[in-house]
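Chemist: In full-length UniProt numbering, the protein residues as written are 1 to 97. Beta carbons: idealized from backbone N, C-alpha and C, even for Gly. Sending over a structure as structure tokens; questions will come in a sec.
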């Protein structure tokens, strides 16, 4: 079962990397690219980072073992890309986009 999860994660990472490459080519090669492309590239890169984070969490580590300050207050998940707002609250970047 663990191998199936790793295989699925690897497939997702490959697809995200292809999408990121396409977006980066559009940004680099295009004189007039949309800001949406830049934002989407950042989201895809954040997703790749999240997949790598999940991939390397050791089997048997449960979310309850993680200190509360490492979890996003909105999603309850471990923050892979924490962002501190002006209000001094920390959220996972993916949760607030």
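What residue range does the alpha helix (DSSP H) around residue 94 cover?
Modeler: Here residue 94 refers to the residue found at position 94 of the chain shown. Looking at the DSSP string, the run of the alpha helix (DSSP H) that includes residue 94 is 93 to 96.
Chemist: Would you tell me roughly how many angstroms separate the C-alpha atoms of residue 11 and residue 95, rounded to the nearest one?
Modeler: Position 11 of the chain shown holds residue 11. Position 95 of the chain shown holds residue 95. Distance between the alpha carbons of residue 11 and residue 95 is about 23 Å.
Chemist: Say whether the region 76 to 85 touches the region 18 to 37, bearing in mind that this needs 3 or more beta-carbon pairs closer than 8 Å, one atom from each stretch.
Modeler: No: the two stretches stay apart, fewer than three of their Cβ pairs being nearer than 8 Å.
Chemist: So the beta strand (DSSP E) residue 73 belongs to, where does it begin and stop?
Modeler: On the chain shown, residue 73 is found 73 positions in, with the first residue counted as 1. Counting along the chain, residue 73 falls outside any beta strand (DSSP E), and DSSP gives it neither H nor E.
Chemist: Among 97, 83 and 16, whose alpha-carbon lies nearest the alpha-carbon of residue 49?
Modeler: Within the chain shown, residue 49 is the residue found at index 49, counting from 1. When only C-alpha atoms are compared, the closest one is 16.
Chemist: Can you give the beta carbon distance from residue 9 to residue 51, rounded, assuming they're within the 8 Å contact cut?
Modeler: Residue mapping note: residue 9 aligns to position 9 of the chain shown, counting from 1. Residue mapping note: residue 51 aligns to position 51 of the chain shown, counting from 1. With 8 Å as the limit, residue 9 and residue 51 qualify as a contact, their Cβ atoms being about 6 Å apart.
Chemist: Can you give me the start and stop residues for the beta strand (DSSP E) that residue 82 sits inside?
Modeler: Within the chain shown, numbered from 1, the residue matching residue 82 stands at position 82. Here the beta strand (DSSP E) through residue 82 covers 82 to 84.
Chemist: Rounded to whole angstroms, what is the Cα-Cα separation between residue 28 and residue 41?
Modeler: Numbered from its first residue, the chain shown carries residue 28 at position 28. Numbered from its first residue, the chain shown carries residue 41 at position 41. Cα to Cα, the separation comes out at about 12 Å.
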